[in-house]
Structures are given as structure tokens and as C-alpha cells.
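Before any comments, here is the structure.
Residue numbers (my numbering): 2 to 323.
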């Protein structure tokens with residue numbers, strides 16, 4: 002019997018995804034505008050007061066204004082339809098921007114740590130009063146941006162990257178306030194670079210987590226919530242027409258929509274169309290995989306007779322699953 006290759010889009014919830022994307026796009030734009038608007042004031046405040054904490058936070062806000070702008074543009078691109086050359090559309094741009102944001106946060110944090118070390122070696126006077134005023138205003142702006150973004154889809158990697166940027170700004174403003182208060186009460190200026198370093202270290206850990214998640218998606222890894230081998234065995238156990246599942250791949254396009262491809266070796270006499278439909282229904286209902294490509298086979302795998310490289314299945318040579 003000839004092999005058929007079935008491809009299904011029916012399980013996609015495009016409506017809900019579009020609503021989320023449109024709302025998140027607006028939220029990111031508002032946050033970008035707030036961040037860019039106050040960044041100039043904070044930079045001037047840092048220069049006038051001599052505060053590294055303010056300058057560090059202004060540096061964060063500059064990078065974050067750019068990053069939020071990129072995040073907005075990623076949402077904008079994701080709304081475009083697929084093309085002949087980009088058959089999956091632009092959804093993965095959001096993940097690429099999230100990964101880039103993580104790298105940007107790393108660079109900024111390392112720069113702040115270096116500047117703090119220089120400042121500790123050569124202490125400079127800091128005007129605590131004006132610094133406190135600017136820091137409080139910055140905190141209010143960052144809280145507003147954070148609340149706007151916090152109501153969005155936090156499962157979306159692009160949204161997580163945007164929230165992380167604003168959270169870094171918020172922590173930076175809080176650190177600047179504490180440093181200003183200490184300087185006003187004690188005159189001890191080293192607190193300014195010390196708190197800058199502490200905030201940078203906190204941001205580095207969360208940036209690393211974001212980069213790992215984004216890299217996993219870009220490498221088309223299996224989503225952390227799913228187990229490919231268990232799903233394959235589940236199909237073999239629950240879909241009667243299926244004798245064996247192999248060459249199975251599960252990945253996410255953008256961290257939210259999950260896809261799968263697999264070969265389903267069927268029992269002789271089974272109806273290929275019904276078997277493929279049953280596999281897709283099982284994947285959608287039990288595992289949340291609504292976009293699947295299933296190749297039904299009878300007898301030997303169609304790839305066994307060629308030069309196809311099977312090494313991508315080497316990790317699952319237990320039982321008959323290969």
C-alpha cells in the first residue's frame with residue numbers, strides 16, 4: 002500500500018492566540034514608551050548627582066527601551082501570515098528576540114559590575130537628595146511598566162523577556178533609593194556601587210534562565226512538560242491500529258504552540274486514514290499537541306532501505322522504539 006503523509010492544522014486555536022498576541026503587543030508598546038520616556042531623565046539625574054546606581058539603572062532602561070521595542074516588533078511580525086519561503090510564519094522571531102534580550106541583559110550587568118569595581122577603587126561624591134528624588138520617580142515608572150506587562154501571557158518567551166527587563170529596572174530603582182537613603186543618613190558612598198553589583202547578580206541569574214529556555218526552543222528541543230518516549234508508548238498502547246511508533250519528534254515553534262512528526266507502523270489490514278485520525282486526536286486531547294504530521298506505514302519503515310541517518314533516534318533504543 003502506498004504511504005500517505007497527513008498534515009493537520011485543525012487543532013490550532015488561532016483565535017485565542019491572536020487575542021493574546023494583540024493584547025501583549027499593546028502592553029509591550031506601553032512599557033517601551035514609559036521606559037524610553039524616563040530613561041533620559043534618569044541618565045541626566047545620574048550625571049548630575051554622580052550616582053552609579055542611577056546611571057546603571059538608566060543604562061538598563063536604555064537597553065530595555067530598545068529590547069521592548071524589539072519585543073513589540075516581534076509581536077508585530079508574528080501576526081503576519083506564513084509565506085512560501087517562511088512556511089511557519091514569523092512566530093519564532095519572538096523566541097529569537099527573547100534570546101537576544103537575555104544576551105543584552107548579560108552584557109549590561111557585566112558592564113555595571115565593572116563600573117562598580119572602578120568606583121570602589123576611586124570613590125566619587127554622590128548627591129543623595131536629588132538621587133533619591135530621581136530614584137523614586139524611576140521606581141514609580143518601572144512599577145507602572147511591570148504591572149502593564151504582568152497582566153500579559155507569561156508563558157510566552159518574548160513576554161517573559163520583556164518582563165525580565167522591566168523587573169531589572171525596578172530592582173535597579175529600588176537599589177538606588179536604598180543607596181540614596183544610606184548616603185543621606187551616613188554619607189557612606191560605597192553603598193552605591195555595592196548595591197548596583199547585587200542587582201546585576203540577581204538579573205544575571207534570571208537572564209540565564211530565560212536564555213536557556215529560549216535556546217531550547219530554538220534548538221527544537223522537546224518542551225519540558227512533555228516526554229517523547231512516554232507519548233510514543235501511549236500511542237502504541239491506546240491506538241489499536243498502531244503497532245509501533247518511531248522517528249518521532251516533538252518541538253515548540255515559539256514556546257507555546259507544540260508540534261510533532263512521527264512514523265506510525267500499522268497492523269496489516271488497518272485503515273490508514275482512521276489510524277492517523279486516531280493518533281492526532283490522542284495527541285491533541287491527552288498531550289496538548291494540536292499540530293501533528295503522521296506518516297502511516299505497513300511492514301518495514303520506508304526509510305530503512307535508503308541511506309537515511311537514524312542517529313537522531315539513538316537515545317531511545319529501548320524496547321522496539323527506534
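Backbone N, C-alpha and C fix where the C-beta goes; we use that ideal spot for every residue, glycine too. The structure presented is a predicted model; accordingly, all values stated were derived computationally and were not measured.
Can you say whether residue i is buried or exposed, counting buried as having 16 or more other CB atoms within 10 angstroms of its CB?
i	result
residue 189	exposed
residue 305	exposed
residue 197	buried
residue 229	buried
residue 48	exposed
residue 2	Per-residue confidence for residue 2 stands at a pLDDT of 43, beneath the threshold of 50, marking its modelled position as unreliable; the derived number appears in the next sentence. It is exposed - the Cβ of residue 2 has fewer than 16 other Cβ atoms within 10 Å.
residue 268	exposed
residue 252	buried
residue 84	exposed
I need the straight-line Cα distance from residue i to residue j, nearest angstrom please.
i	j	result
residue 112	residue 238	55 Å
residue 285	residue 232	11 Å
residue 303	residue 247	12 Å
residue 105	residue 149	22 Å
residue 97	residue 186	46 Å
residue 74	residue 107	22 Å
residue 176	residue 200	7 Å
residue 64	residue 257	26 Å
residue 316	residue 39	For residue 316, the predicted structure reports a pLDDT of 42, less than 50, and the residue's modelled location is therefore unreliable. The matter cannot be settled from this model.
residue 167	residue 260	31 Å
residue 76	residue 89	15 Å
residue 66	residue 283	44 Å
residue 62	residue 170	6 Å
residue 37	residue 143	11 Å
residue 24	residue 139	25 Å
residue 202	residue 296	49 Å
Would you say residue i and residue j are within 9 Å of each other, going by their C-beta atoms?
i	j	result
residue 133	residue 181	yes
residue 276	residue 293	no
residue 43	residue 33	no
residue 53	residue 194	yes
residue 71	residue 91	no
residue 110	residue 205	yes
residue 215	residue 162	yes
Which two residues bound the contiguous alpha helix (DSSP H) that contains residue i?
i	result
residue 244	Premise fails: residue 244 lies in the beta strand (DSSP E), 243-253, not in any alpha helix (DSSP H).
residue 293	Looking at the DSSP string, residue 293 is not in any alpha helix (DSSP H); the run it does join, the beta strand (DSSP E), is 292-299.
Just curious, the beta strand (DSSP E) that residue i is in, first and last residue?
i	result
residue 263	259-267
Query raised in the report: Could you give the uninterrupted runs of the alpha helix (DSSP H) lying entirely in the region 178-219, keeping only those of 4 residues or more?
Result: 192-219
Query raised in the report: Of all the beta strand (DSSP E) runs that stay within the bounds of the region 56-132, which reach a length of 3 or more residues?
Result: none
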